[in-house]
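One structure is given below, encoded as C-alpha coordinates.
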Amino acid sequence: VFKIEKDNALISDTIVGATTFNRAVGQEVKGIEFDLRGMILNNLQLVFNYAFNESKTSEDPKSLTIGEQVPGTARHISNAWLTYRVGAGALKGIGLSLGYQWLVDRSSWYVFDGTSASLPDYFRMDGGLSWQGNQFSIALNANNLLNSYLYSGSPYGSYYYWQSEPERN
309 VFKIEKDNAL ISDTIVGATT FNRAVGQEVK GIEFDLRGMI LNNLQLVFNY AFNESKTSED
369 PKSLTIGEQV PGTARHISNA WLTYRVGAGA LKGIGLSLGY QWLVDRSSWY VFDGTSASLP
429 DYFRMDGGLS WQGNQFSIAL NANNLLNSYL YSGSPYGSYY YWQSEPERN
(Lines of atoms letter the chains of each structure in order from A and count residues from 1; the text may use other names and numbers.)
(Lines give C-alpha, C1' and ligand atoms only; values in the text may rest on other atoms or scores of the structure.)
Protein backbone atom coordinates (compact mmCIF):
# COMPACT_ATOMS: atom_id res chain seq x y z
CA VAL A 1 0.00 0.00 0.00
CA PHE A 2 1.45 3.38 -0.89
CA LYS A 3 0.80 7.10 -0.93
CA ILE A 4 3.13 9.54 -2.68
CA GLU A 5 2.73 13.31 -2.61
CA LYS A 6 4.62 15.56 -4.99
CA ASP A 7 4.73 19.34 -4.74
CA ASN A 8 5.62 21.76 -7.54
CA ALA A 9 5.33 19.36 -10.49
CA LEU A 10 5.60 21.45 -13.65
CA ILE A 11 2.92 21.26 -16.34
CA SER A 12 2.49 23.32 -19.50
CA ASP A 13 0.45 26.45 -18.96
CA THR A 14 0.49 28.63 -22.06
CA ILE A 15 2.42 28.91 -25.29
CA VAL A 16 3.32 32.36 -26.59
CA GLY A 17 5.11 32.25 -29.93
CA ALA A 18 7.92 29.74 -29.54
CA THR A 19 7.98 29.98 -25.72
CA THR A 20 6.18 27.56 -23.40
CA PHE A 21 5.28 28.73 -19.90
CA ASN A 22 4.74 26.29 -17.03
CA ARG A 23 2.93 26.30 -13.72
CA ALA A 24 3.51 24.21 -10.60
CA VAL A 25 0.83 21.81 -9.36
CA GLY A 26 0.58 19.28 -6.54
CA GLN A 27 0.06 15.60 -7.24
CA GLU A 28 -1.06 12.70 -5.05
CA VAL A 29 -0.65 9.05 -5.99
CA LYS A 30 -2.06 6.31 -3.78
CA GLY A 31 -2.75 2.68 -4.37
CA ILE A 32 -1.84 -0.90 -3.78
CA GLU A 33 0.65 -3.21 -5.44
CA PHE A 34 0.83 -6.99 -5.31
CA ASP A 35 3.67 -9.28 -6.45
CA LEU A 36 3.58 -13.06 -6.69
CA ARG A 37 6.43 -15.32 -7.66
CA GLY A 38 6.70 -19.08 -7.42
CA MET A 39 6.56 -22.52 -8.96
CA ILE A 40 3.10 -23.53 -10.17
CA LEU A 41 4.21 -27.04 -11.11
CA ASN A 42 7.62 -28.69 -11.37
CA ASN A 43 9.74 -26.56 -13.73
CA LEU A 44 6.89 -24.06 -14.36
CA GLN A 45 7.61 -20.67 -12.79
CA LEU A 46 5.28 -17.64 -12.61
CA VAL A 47 6.08 -14.01 -11.87
CA PHE A 48 2.94 -11.82 -11.59
CA ASN A 49 2.41 -8.18 -10.61
CA TYR A 50 -0.67 -6.00 -10.28
CA ALA A 51 -0.90 -2.36 -9.20
CA PHE A 52 -3.89 -0.07 -8.70
CA ASN A 53 -2.95 3.61 -8.90
CA GLU A 54 -5.22 6.48 -7.97
CA SER A 55 -3.21 9.41 -9.35
CA LYS A 56 -4.80 12.85 -9.06
CA THR A 57 -3.73 16.47 -9.24
CA SER A 58 -4.35 17.83 -5.76
CA GLU A 59 -3.30 21.49 -6.10
CA ASP A 60 -3.41 23.88 -9.06
CA PRO A 61 -3.17 27.68 -8.80
CA LYS A 62 -5.57 28.03 -11.75
CA SER A 63 -7.91 25.27 -10.46
CA LEU A 64 -8.00 23.74 -13.97
CA THR A 65 -6.59 20.28 -13.27
CA ILE A 66 -7.67 19.54 -9.68
CA GLY A 67 -9.03 15.99 -9.55
CA GLU A 68 -7.66 15.12 -13.02
CA GLN A 69 -5.59 11.95 -13.45
CA VAL A 70 -1.85 12.69 -13.37
CA PRO A 71 -0.43 12.76 -16.91
CA GLY A 72 1.34 9.63 -18.08
CA THR A 73 -0.18 7.30 -15.47
CA ALA A 74 -2.35 4.20 -15.72
CA ARG A 75 -5.02 3.26 -13.18
CA HIS A 76 -4.40 -0.50 -13.52
CA ILE A 77 -1.02 -2.06 -14.33
CA SER A 78 -0.52 -5.79 -14.66
CA ASN A 79 2.27 -7.95 -15.98
CA ALA A 80 3.23 -11.60 -15.82
CA TRP A 81 5.98 -13.88 -17.05
CA LEU A 82 5.54 -17.67 -17.24
CA THR A 83 8.61 -19.87 -17.81
CA TYR A 84 8.84 -23.62 -18.33
CA ARG A 85 12.32 -25.16 -18.09
CA VAL A 86 13.09 -28.79 -18.95
CA GLY A 87 14.64 -30.39 -15.86
CA ALA A 88 16.09 -33.66 -17.16
CA GLY A 89 17.07 -35.57 -20.27
CA ALA A 90 18.67 -34.48 -23.53
CA LEU A 91 16.78 -31.13 -23.48
CA LYS A 92 17.72 -30.30 -19.86
CA GLY A 93 18.02 -26.52 -19.41
CA ILE A 94 15.85 -25.54 -22.40
CA GLY A 95 13.24 -22.97 -21.42
CA LEU A 96 10.14 -21.45 -23.03
CA SER A 97 8.68 -18.20 -21.74
CA LEU A 98 5.56 -16.13 -22.37
CA GLY A 99 4.58 -12.87 -20.75
CA TYR A 100 2.48 -9.73 -21.05
CA GLN A 101 2.25 -6.09 -19.99
CA TRP A 102 -1.20 -4.51 -19.63
CA LEU A 103 -2.00 -0.90 -18.77
CA VAL A 104 -5.67 0.11 -18.39
CA ASP A 105 -7.20 3.60 -18.03
CA ARG A 106 -4.09 5.44 -19.21
CA SER A 107 -4.04 9.21 -19.09
CA SER A 108 -2.38 11.32 -21.71
CA TRP A 109 -1.04 14.67 -20.58
CA TYR A 110 -2.59 18.05 -20.09
CA VAL A 111 -3.71 19.67 -23.28
CA PHE A 112 -4.30 23.38 -23.72
CA ASP A 113 -7.62 23.50 -21.85
CA GLY A 114 -5.97 21.98 -18.76
CA THR A 115 -7.60 18.54 -18.90
CA SER A 116 -6.01 15.21 -19.59
CA ALA A 117 -7.24 12.93 -22.35
CA SER A 118 -7.40 9.14 -22.19
CA LEU A 119 -5.11 6.90 -24.17
CA PRO A 120 -6.20 3.47 -25.39
CA ASP A 121 -5.39 0.50 -23.17
CA TYR A 122 -1.94 -0.99 -23.75
CA PHE A 123 -1.43 -4.75 -24.11
CA ARG A 124 1.86 -6.31 -25.24
CA MET A 125 2.77 -9.98 -25.30
CA ASP A 126 6.40 -11.16 -25.36
CA GLY A 127 8.04 -14.57 -25.52
CA GLY A 128 11.40 -16.24 -25.19
CA LEU A 129 13.48 -19.33 -25.82
CA SER A 130 16.44 -19.99 -23.55
CA TRP A 131 19.03 -22.47 -22.37
CA GLN A 132 20.52 -22.50 -18.89
CA GLY A 133 23.58 -24.52 -17.89
CA ASN A 134 25.49 -24.67 -14.62
CA GLN A 135 27.48 -21.48 -15.16
CA PHE A 136 26.20 -20.09 -18.46
CA SER A 137 22.84 -19.16 -19.94
CA ILE A 138 21.61 -17.72 -23.21
CA ALA A 139 18.20 -16.33 -24.20
CA LEU A 140 16.41 -15.17 -27.33
CA ASN A 141 13.45 -12.90 -26.65
CA ALA A 142 10.73 -11.73 -29.03
CA ASN A 143 8.79 -8.57 -28.18
CA ASN A 144 5.28 -7.57 -29.28
CA LEU A 145 4.33 -11.05 -30.51
CA LEU A 146 0.85 -9.84 -31.54
CA ASN A 147 2.45 -7.15 -33.73
CA SER A 148 0.16 -4.49 -32.21
CA TYR A 149 0.52 -0.77 -32.86
CA LEU A 150 1.54 0.50 -29.44
CA TYR A 151 2.60 3.90 -28.21
CA SER A 152 3.50 5.46 -24.94
CA GLY A 153 4.19 8.95 -23.66
CA SER A 154 6.88 10.56 -21.64
CA PRO A 155 7.76 13.96 -20.22
CA TYR A 156 10.55 15.74 -22.08
CA GLY A 157 11.55 19.10 -20.69
CA SER A 158 8.46 21.29 -20.51
CA TYR A 159 6.18 19.08 -22.63
CA TYR A 160 5.07 15.50 -23.18
CA TYR A 161 5.37 13.49 -26.36
CA TRP A 162 3.97 10.29 -27.81
CA GLN A 163 6.34 7.62 -29.07
CA SER A 164 5.49 4.60 -31.21
CA GLU A 165 7.01 1.34 -30.09
CA PRO A 166 8.54 -1.19 -32.48
CA GLU A 167 6.40 -3.82 -34.15
CA ARG A 168 7.28 -7.47 -33.55
CA ASN A 169 11.03 -7.67 -32.90
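In this text, residue positions in the sequence shown follow our numbering: the first is 309, and each later residue adds one. Don't be surprised by glycine CBs; every beta carbon is placed ideally from N, CA and C.
Counting C-beta pairs closer than 8 angstroms gives three or more between the segment 409-417 and the segment 426-445, which meets the contact rule. Around the beta carbon of A332, fewer than 16 other beta carbons lie within 10 angstroms, which makes this residue exposed. Exclusion of the five residues before and after E336 leaves E313, K364, S366 as the residues of its chain whose Cβ lies within less than 6 angstroms of its Cβ. Residue state for S405 is assigned as strand, using DSSP reduced to three classes.
In this structure, the alpha-carbon of V394 lies about 16 angstroms from that of L448.
Collapsing the DSSP output to three states places R345 in a strand.
Around the CB of G375, fewer than 16 other CB atoms lie within 10 Å, so the residue is classed as exposed.
For D434, the enclosing beta strand (DSSP E) stretches over residues 430-440.
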